[in-house]
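Those letters in the sequence shown? Residues 857 to 1045, by the numbering used here.
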Amino acid sequence: EWDFGDDTIITETLEPTHAFTEPGEYTVTLTVTDNDGGVGTDSVVIIVDTPAEVTEDIVDDLEELDPPAEAEDEVNNAIDNLNDAVEDFENEEPEHAFDEIKKAVDNLDKAQDDGADTQETIEDILDFLIDLVELTIDDAIEYAGEDDHNVEKAQEYYDNAMVMINEENFEDAVAELKKAYSEAMKVFK
């Protein structure tokens, strides 16, 4: 038995899927009973943040960066872009948020060229977007099935983004992740 800590209990499967609908801290507990009646449990704490909260955390980390003078403008512009993205997420305008995040990644890439250590922040941003898009595609698959045209397009854009990330073409990767997110969201309209 899986207890997800949000009044959701799933039984009869070893690999359940579950999406939390609200941010917060959840204790997920697995309880198993063997054929002899022995019971074992294991728990893990899951923290669910909103996209705005994750973006705010990235901004906080970026504000602690001490870039060389040549890169200060780009870093400050990236912070402004990310703060705009937070506002867009809070206003439920994720596509605008993607645009601001793309600008931030471009600014951080330029700052890196000017000597700032922004690679980890770029990777954090990409990891966040990848997680967001993967969850959205998974929800779209659950809702409409893998063979849905929009799901297939979303997966195609996602795959393109992964290639671009491997090629360190981060700005275009963000654009492809936005397309993947948008296609997956069409399933729910």
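Heads up, the beta-carbon is just placed ideally off N, CA and C, and yes, glycines get one too.
{"Check": "Take the Cβ of Asn963 as the centre, count every other Cβ of all protein chains shown within 10 Å, and call the residue buried at 16 or more, exposed below.", "Outcome": "buried"}
{"Check": "For my contact list, Leu938 and Val901 are in at a C-beta cut-off of 8 Å; report their separation, rounded to the angstrom.", "Outcome": "Wrong, their Cβ atoms sit about 27 Å apart, outside the cutoff."}
{"Check": "Pick out whichever of Pro872, Glu871, Lys966, Pro907 has its Cα sitting closest to the Cα of Asp983.", "Outcome": "Pro907"}
{"Check": "Whole angstroms is fine: what's the gap from Gly896's alpha carbon to Ile866's?", "Outcome": "16 Å"}
{"Check": "If you follow the alpha helix (DSSP H) that Glu951 is in, where does it begin and where does it stop?", "Outcome": "950–969"}
{"Check": "What whole-angstrom Cβ distance do Phe1026 and Val961 have, given they're in contact under 8 Å?", "Outcome": "5 Å"}
{"Check": "Count the C-beta pairs between the region 952–960 and the region 991–1002 that are closer than 8 Å, then say yes if the count reaches three, no if not.", "Outcome": "no"}
{"Check": "Buried or exposed for Phe954, please, with buried defined as at least 16 other CB atoms from any protein chain shown within 10 angstroms of its CB.", "Outcome": "buried"}
{"Check": "Return the first residue and the last residue of the beta strand (DSSP E) that Val884 is part of.", "Outcome": "880–889"}
{"Check": "Can you look up Val901 in the DSSP assignment and give me helix, strand or coil?", "Outcome": "strand"}
{"Check": "From Thr887, Glu930, Lys1034, pick the residue whose C-alpha is nearest to that of Trp858; which is it?", "Outcome": "Thr887"}
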